[in-house]
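S.K.:
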Amino acid sequence: MRSSPGAPALSEELLSRIFHLLVSHSVVVDFKRRHYDPYNLKAYTAPCINVGTINTPHYHFLYPKTTGYIFLTVAKQWHRVGVPHLYNKIILSSKEQTQTLEQTLAAQEDYGRHIKCLVLFSEAAFGKDLRSIFKDATNLETLSMPLSFGGGTGVSVAGLLKGLPLISPRELILHDTLTYRNGINRVTHTRNCPDPLLKKDKEVIKCLGVCFEKNWDQLESFWAAFPNQPGRYDSITRALAKSPKLHTIYIRDDDALEQDYIDELPHLKKVVIQGEEFEVDLEDSVGYVVEFESWMWWVYVDEG
């Protein structure tokens, strides 16, 4: 394949900078459309690009009407330099998108190593293809995924359970996204429920515990970006106690922390609690500090 005849002669360093600026608001690959790749001998599923912002754990994914994929078709050089930037952060919100990503990574074996941040927006993105995606995402550093499955029928966590042990992220963000309305994600939860943890929730928490202890030896920070529910935080903190390198925890409620387990973390340096400062027992703890910040996790979708 040849580069386009009229393609600008730009250095790869300059091109890399251009693509970096393009994704400075965190270009997120959204696998919704199929394109023909002029630099492959066959048609394969390629991404269209959604320009949004990721400032962990603030997610504002904006969906414009145009796609930046056209930049990849300017020349072979642009394609080679641009792909690592465009696959850096990926959001999946449906099973179809997950399947398309798996097919793309199967057709382009080197693409998976460019994925640094993977956001499973909701349980709708789960499927057997997750295992293959995790296997190919060898350099994954940040994983964001839901922890509550809302009792939805047809939601399978089998692919997730098989895939989680294959990665070793530095950062884990657990969120709770169950309902959508007018394009805005609304977090829902149930209080005063005797056992809000469903069977699938428990299976995932158990799997995370094994990963914390045996597989995820690089995990450094954990974000609990979901409302407090009886039986949820204590299960997570028990699992976190097995993590060998975890040093920072972000959490929404001070009463959600099981201090007995938190104190067992050998490298814990900081616990950040959402909101204004108030009295908590953790202030008396030795070996780590407690801070208070105004942070939250949300997704805004612009349908305009």
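Sequential numbering of the sequence shown, starting at 963, is according to the numbering used here. Cβ atoms here follow ideal geometry from the backbone N, Cα and C, with glycine treated the same way.
1. Using the C-alpha atoms, what's the distance from T1104 back to L1128?
2. In three-state terms, what does DSSP make of F1033?
3. Just the Cα atoms here: how many angstroms apart are Y1223 and S1197?
4. S1055: buried (16+ other C-beta within 10 angstroms of its C-beta) or exposed?
5. Could you give the DSSP three-state label for I1198: helix, strand or coil?
6. Just verifying my parser: in three-state terms, what is the DSSP assignment at V1234?
7. May I ask you to report which of helix, strand or coil DSSP gives H1209?
8. Taking the alpha-carbon positions, what's the V1233 to L1082 distance?
9. Are the CB atoms of L1181 and L1208 nearer to each other than 8 Å?
10. Can you name, in chain order, every residue of its own chain whose Cβ lies under 7 Å from the Cβ of Q1061, other than the five neighbours on each side?
11. Within the present structure, is the beta-carbon of S1084 separated from the nearest heavy atom of the ligand SAM by less than 7 Å?
12. Give the secondary structure of L977 by DSSP, where H, G and I count as helix, E and B as strand, and everything else as coil.
13. Enumerated in chain order, which unbroken segments of the alpha helix (DSSP H) with a length of 4 residues or greater are wholly contained in the segment 1062-1119?
14. Could you have a look at K1161 and say whether DSSP puts it in helix, strand or coil?
15. Using a 10 Å radius around the Cβ and a threshold of 16 neighbouring Cβ atoms, would you call P1131 buried or exposed?
16. Output needed for S1205: all residues of its chain with C-beta closer than 6 Å, excluding positions within five of it in sequence on either side, in chain order.
17. Using a 10 Å radius around the Cβ and a threshold of 16 neighbouring Cβ atoms, would you call P1228 buried or exposed?
18. For the beta strand (DSSP E) that H1229 lies in, which residues bound it at each end?
19. Which value, in whole angstroms, describes the spacing of the CA atoms of L1102 and V1045?
20. Go ahead and label K1162 buried or exposed: buried means 16 or more other beta carbons lie within 10 angstroms of its beta carbon, across all protein chains shown.
M.R.: Reading it off the structure:
1. Taking the sequence shown and counting its residues from 1, the one referred to as residue 1128 is at position 166. Taking the sequence shown and counting its residues from 1, the one referred to as residue 1104 is at position 142. Distance between the alpha carbons of L1128 and T1104 is about 14 Å.
2. Here the question's residue 1033 lines up with position 71 in the sequence shown. It is helical.
3. To locate residue 1223, count along the sequence shown from 1; it is residue 261. To locate residue 1197, count along the sequence shown from 1; it is residue 235. When rounded, the distance between both Cα atoms is 10 Å.
4. Position 93 of the sequence shown, counting from 1, holds the residue named residue 1055. By the 10 Å Cβ count, S1055 comes out buried.
5. By one-based count along the sequence shown, residue 1198 stands at place 236. The answer is helix: DSSP assigns I1198 an H, G or I state.
6. Sequence index remark: in the sequence shown, residue 1234 carries index 272 (1-based). V1234: strand per DSSP, three-state reduction.
7. As a working mapping, residue 1209 is identified with position 247 in the sequence shown. Of the three classes helix, strand and coil, the one that applies to H1209 here is coil, per DSSP.
8. Here residue 1233 refers to the residue found at position 271 when the sequence shown is read from its first residue. Here residue 1082 refers to the residue found at position 120 when the sequence shown is read from its first residue. Cα-Cα distance, rounded: 25 Å.
9. As a working note, residue 1181 is residue 219 in the sequence shown. As a working note, residue 1208 is residue 246 in the sequence shown. Cβ distance < 8 Å, so L1181 and L1208 count as in contact.
10. Position 99 of the sequence shown, counted from the start, is the residue given in the question as residue 1061. Hits under 7 Å: G1089, D1091.
11. The ligand SAM is absent from the structure shown, which contains no ligand whatsoever.
12. Indexing the sequence shown from 1 puts residue 977 at position 15. Helix at L977.
13. Runs of alpha helix (DSSP H) with 4 or more residues, each lying fully within the segment 1062-1119, are found at 1091-1098, listed in chain order.
14. For the purposes of this step, residue 1161 is taken as the residue at position 199 of the sequence shown. Residue state, collapsed to three classes: helix.
15. Taking the first residue of the sequence shown as 1, we reach residue 1131 at position 169. Buried, by the Cβ-count rule.
16. Residue numbering aside, residue 1205 sits at position 243 when the sequence shown is read from its first letter. Cβ neighbours of S1205 beyond the five flanking positions: F1174, L1181.
17. Locating residue 1228 in the sequence shown gives position 266, counting from the first residue. It is exposed - the Cβ of P1228 has fewer than 16 other Cβ atoms within 10 Å.
18. As a position in the sequence shown, residue 1229 is number 267, starting the count at 1. Segment: none, H1229 is in no beta strand (DSSP E) and carries neither H nor E.
19. In the sequence shown, counting from the first residue as 1, residue 1102 sits at position 140. In the sequence shown, counting from the first residue as 1, residue 1045 sits at position 83. Cα to Cα, L1102 sits roughly 16 Å from V1045.
20. Here residue 1162 refers to the residue found at position 200 when the sequence shown is read from its first residue. K1162 comes out buried.
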